[in-house]
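Working notes, beginning with the structure itself.
There are 2 protein chains.
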Amino acid sequence: MYILWILDTNGAMRFGELRRQVDGISPKVLTQRLRMLEEIGIVYRHYKPTVPPQVSYELTERGKELSKPLYNLCDLASRWYSDEIPPASQY
Amino acid sequence: MYILWILDTNGAMRFGELRRQVDGISPKVLTQRLRMLEEIGIVYRHYKPTVPPQVSYELTERGKELSKPLYNLCDLASRWYSDEIPPASQY
DNA sequence: TAAAGTAGTTACCTTTTAGTAACTTCATAA
DNA sequence: TTATGAAGTTACTAAAAGGTAACTACTTTA
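Protein chains in written order, with my numbering: chain A, 1 to 91; chain B, 92 to 182.
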């Protein structure tokens with residue numbers, strides 16, 4: 001399951017929760033991806049300086065603008081997949 | 092410039108022409124990508140058994156279905172880029 | 001006779017990306 | 001006093017992806 005999908009579906013999430021739901025990548029890569037997404041303004045990182053720390057991630061307005069285009073691609077892939085041809089989204 | 096973009100814009104193209112227009116990847120990787128795209132039904136490969144051989148590539152109907160969603164993503168990235176934030180399409 | 005052309009293929013090397021496991025800080029709980 | 005917790009960081013290793021350069025076949029051109 002993809003990071004942007006999960007954040008779009010669930011709203012703001014703690015790192016640990018994201019980590020449990022995102023599969024296919026290690027926590028280290030998840031952190032790297034989230035930092036990249038933050039850098040390009042697609043994701044907010046909210047840091048609460050507690051101990052242990054509480055960090056949550058949430059889509060920015062810009063990130064939300066991706067929902068529709070990405071949903072359209074997913075829809076297309078689903079229609080193709082139901083025709084039993086491997087979806088482009090594998091690539 | 093991306094393979095799907097070029098094929099969408101120009102219609103069927105010979106390998107050599109594609110090779111000149113696609114930048115950022117080697118001919119070897121271009122061939123690999125085209126073969127993958129052919130495998131998943133996004134691109135037709137037309138082989139003419141002349142010497143030297145003439146091979147052209149063209150988007151299938153399915154490949155054309157990608158135009159709109161990808162155009163929408165590009166449009167979004169352009170709007171973001173004009174706001175001077177690095178576009179997500181870098182990733 | 002040699003060179004040119006097309007569209008690759010292949011072996012080897014380089015670069016990039018990812019995974020693993022140990023580690024970090026410090027308040028709180030046991 | 002020790003363990004726990006979150007959210008990473010880091011060094012090292014492994015895997016994946018990409019680039020390079022030599023090569024292929026055979027007709028046509030010079």
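For every residue, glycine included, the Cβ atom is placed at its ideal position computed from N, Cα and C.
Asked                                                                                                                                                                         : Found
Kindly say whether residue 76/A, judged by its beta-carbon, lies nearer than 8 Å to any beta-carbon of chain B.                                                               : yes
Residues of chain A with CB under 9 Å from residue 149/B, in chain order?                                                                                                     : Within chain A, no residue comes near residue 149/B; the closest Cβ sits about 16 Å away, beyond 9 Å.
When the Cα atoms are used, what is the spatial distance from residue 54/A to residue 27/A?                                                                                   : 16 Å
If we cut at 8 Å on Cβ distances, does residue 73/A have a partner in chain B?                                                                                                : yes
Should the segment 45 to 65 of chain A be regarded as contacting the segment 100 to 113 of chain B, the criterion being three or more beta carbon pairs within less than 8 Å? : no
What are the residues of the segment 108 to 141 of chain B that lie near chain A, defined by any Cβ-Cβ distance shorter than 7 Å?                                             : 127, 131, 132 and 133
Going by DSSP, what residue range makes up the beta strand (DSSP E) through residue 156/B?                                                                                    : No beta strand (DSSP E) contains residue 156/B, which DSSP labels as neither H nor E.
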